[in-house]
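Peer 1: For the sequence shown, numbering that gives the first Met the number 0 assigns the number 0 to the initial residue and increments by one for each residue that follows. Handing you a structure now.
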Amino acid sequence: MNHSNRIHNWEFTPLGDPRGYIKPHSIKELWFHTGTKCNLACGFCLEGSSPSDKRLLTPKFEEVKPFIDEALALGVEQFSFTGGEPFLAKDIIKILDYASKFRPCLVLTNGTEPLIKRIDALVQLQIKNQHPVSFRVSIDSPIEREHDMGRGEGNFAKAFVGLRLLHNKGFNISLARHMAKGEDTSVVERQYQALFALNGLPLSMHMVAFPDFLAPGAISNVPHITISCMTKYQTQQQRENYMCANSKMIIKKTDGMQVYACTLVDDDDDYFLATTLAKSMTKTINLKHHRCYSCFALGASCSEM
Ligand code: SF4
0 MNHSNRIHNW
10 EFTPLGDPRG
20 YIKPHSIKEL
30 WFHTGTKCNL
40 ACGFCLEGSS
50 PSDKRLLTPK
60 FEEVKPFIDE
70 ALALGVEQFS
80 FTGGEPFLAK
90 DIIKILDYAS
100 KFRPCLVLTN
110 GTEPLIKRID
120 ALVQLQIKNQ
130 HPVSFRVSID
140 SPIEREHDMG
150 RGEGNFAKAF
160 VGLRLLHNKG
170 FNISLARHMA
180 KGEDTSVVER
190 QYQALFALNG
200 LPLSMHMVAF
210 PDFLAPGAIS
220 NVPHITISCM
230 TKYQTQQQRE
240 NYMCANSKMI
250 IKKTDGMQVY
260 ACTLVDDDDD
270 YFLATTLAKS
280 MTKTINLKHH
290 RCYSCFALGA
300 SCSEM
């Protein structure tokens, strides 16, 4: 696509209507992507992560620190980390050590060996630093066979080992799950709570449900979001709650560290905003990506804030 077509596509839907947009108002939460390297290789992964994947690279502490410092000056309230599997990142403990001196942290993990191996180092952080590090573990389905079909045999049991370990060491835990089309949410949540009871985990554990976001670069035939959709069907409060209104995500590519609009759009260069947080805050986010429709229609969000 040439430059002017690309800009037109960014600003207008194929029918020529101006796209709905979000103007950022704050950075309450700053996300770091730890790279698309993962010990698992799940077919459904929205990041396309696997043991050999290099679409997004793993940042070092020295590359992350300037963004932590800048975010603190901009009033950030939490640092959050996603991957890939964050506990494969060599510097993750050093990064969490620095970040949790200043703000609470949240790490998204598959709960298996890479996390389990780091548990003692994480306990030390909890003892010495002022702010807590919390964990969100992925359990895609309350049915072991369904989780393991996506993640590989034995990984349901391992993730529960990780969850129990974290809980028994006193960490806050939450859970990420898949949301099936037409599901009866209260029935699904009761199935999870039965598992929590069996594993000695808190029945009130927070669960974050995600629709199928498809693989990176996938084309999805969802409705386009126009300005009138955003004003007719969403309140100002809803617009302010979009992740791209109050958070950013830092990723590392071969050409360096980059600020992206949110955790869900790192496969589209149009969402590369800047190389500093301050500059990224001046950029309007157009809702062009197919995953934006999940935010619009389902209120999808990776945030727990
Ligand atoms: S996916 Fe959601 S949060 Fe991200 S840019 Fe689109 S609307 Fe904003």
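Beta carbons are placed, not taken as given, at the ideal position from N, Cα and C, and that holds for glycine.
Look at the alpha carbon of Gln125 and the alpha carbon of Ile94, and state the distance between them as a whole number of angstroms.
Peer 2: As a first step, residue 125 is located in the sequence shown; it is residue number 126 there, counting from the start. As a first step, residue 94 is located in the sequence shown; it is residue number 95 there, counting from the start. C-alpha separation (whole angstroms): 14 Å.
Peer 1: Beta-carbon separation of Val63 and Phe11 under 9 Å?
Peer 2: Locating residue 63 in the sequence shown gives position 64, counting from the first residue. Locating residue 11 in the sequence shown gives position 12, counting from the first residue. Contact flag unset, no.
Peer 1: Starting from the C-beta of Cys261, find all residues in its chain whose C-beta is less than 7 Å away, skip the five residues before and the five after it, and write them out in chain order.
Peer 2: By 1-based counting over the sequence shown, the position of residue 261 is 262. Contacts found: Met242, Cys243, Ser246, Met248.
Peer 1: Return yes when the Cβ of Leu107 is within less than 9 Å of the Cβ of Ser79, no when it is not.
Peer 2: The count along the sequence shown starts at 1 and reaches residue 79 at position 80. The count along the sequence shown starts at 1 and reaches residue 107 at position 108. Contact flag set, yes.
Peer 1: Give the straight-line distance between the Cα atoms of Met280 and Ile26, rounded to the nearest whole angstrom.
Peer 2: Position 281 of the sequence shown holds residue 280. Position 27 of the sequence shown holds residue 26. Near 8 Å, if we compare the C-alpha coordinates of Ile26 and Met280.
Peer 1: Measuring only from the beta carbon, is Met256 closer than 8 Å to any heavy atom that is part of the ligand SF4?
Peer 2: Against the sequence shown, residue 256 aligns to sequence position 257. Met256 Cβ: outside cutoff for every heavy atom of the ligand SF4.
Peer 1: So who's on the other strand from Gly255, going by DSSP bridges?
Peer 2: Position 256 of the sequence shown, counting from 1, holds the residue named residue 255. Gly255 is bridged to Lys252.
Peer 1: Considering Ala273, what are the terminal residues of the beta strand (DSSP E) in which it resides?
Peer 2: What you label residue 273 is simply residue 274 of the sequence shown in a count that begins at 1. Run containing Ala273: 271-273, per the beta strand (DSSP E) assignment.
Peer 1: Please classify Pro113: is it buried, with 16 or more other beta-carbons within 10 angstroms of its beta-carbon, or exposed?
Peer 2: As a first step, residue 113 must be located in the sequence shown, where it is residue number 114. Classification of Pro113: buried, given that the 10 Å Cβ count is 16 or more.
Peer 1: What I want to know is whether the C-beta of Leu295 ends up closer than 8 Å to one or more non-hydrogen atoms of the ligand SF4.
Peer 2: The residue labelled residue 295 in the question sits at position 296 within the sequence shown. The sequence as given places Phe at residue 295; Leu does not occur at that position. Yes, the Cβ of Phe295 comes within 8 Å of a heavy atom of the ligand SF4.
Peer 1: Go through the residues and name those whose CB comes closer than 6 Å to any heavy atom of the ligand SF4, in chain order.
Peer 2: Result (chain order): Ile21, Tyr241, Met242, Cys243, Ala260, Cys261, Leu263, Val264, Ile284, Leu286, His288, Arg290, Cys291, Cys294.
Peer 1: Could you tell me whether the Cβ atoms of Leu213 and Leu39 are closer together than 9 Å?
Peer 2: As a working note, residue 213 is residue 214 in the sequence shown. As a working note, residue 39 is residue 40 in the sequence shown. No; because the gap between Cβ atoms is not below 9 Å, this pair is not in contact.
Peer 1: Measure the Cβ-Cβ separation of Leu73 and Ala277 and say whether it is below 9 Å.
Peer 2: Counting from 1 along the sequence shown, the entry for residue 73 is found at position 74. Counting from 1 along the sequence shown, the entry for residue 277 is found at position 278. Against a cut-off of 9 Å, the Cβ pair of Ala277 and Leu73 comes out as a contact.
Peer 1: Report the rounded CA-to-CA distance for Ala196 versus Glu84, giving the unit in angstroms.
Peer 2: The residue given as residue 196 occupies position 197 in the sequence shown. The residue given as residue 84 occupies position 85 in the sequence shown. Cα-Cα distance, rounded: 27 Å.
Peer 1: Have a look at Met229 and Asp265 and give me their C-alpha separation to the nearest angstrom.
Peer 2: Taking the first residue of the sequence shown as 1, we reach residue 229 at position 230. Taking the first residue of the sequence shown as 1, we reach residue 265 at position 266. Answer to the nearest angstrom: the Cα atoms are 23 Å apart.
Peer 1: If you reduce the DSSP assignment to three classes, tell me which class Ala244 lands in.
Peer 2: Residue 244 sits at position 245 when you count from the first residue of the sequence shown. Helix at Ala244.
Peer 1: So, Cys104 versus Pro65, is the Cβ gap smaller than 9 Å?
Peer 2: Along the sequence shown, one-based indexing puts residue 104 at 105. Along the sequence shown, one-based indexing puts residue 65 at 66. Cβ distance not < 9 Å, so Cys104 and Pro65 don't count as in contact.
Peer 1: Which runs of the beta strand (DSSP E) at least 3 residues long sit entirely within the stretch 61-116? Give them in chain order.
Peer 2: Runs of the beta strand (DSSP E) inside the stretch 61-116: 77-81, 104-108.
Peer 1: Suppose you measure from the CA of Gly19 to the CA of Thr81; what does that come to, to the nearest Å?
Peer 2: Looking up residue 19 in the sequence shown gives position 20. Looking up residue 81 in the sequence shown gives position 82. Each residue's Cα considered, the two are about 27 Å apart.
Peer 1: Between Arg54 and Ile92, which are expected to be in contact by the criterion C-beta below 8 Å, what is the C-beta distance as a whole number of angstroms?
Peer 2: As a first step, residue 54 is located in the sequence shown; it is residue number 55 there, counting from the start. As a first step, residue 92 is located in the sequence shown; it is residue number 93 there, counting from the start. The pair is not a contact, with the Cβ atoms about 24 Å apart (cut-off 8 Å).
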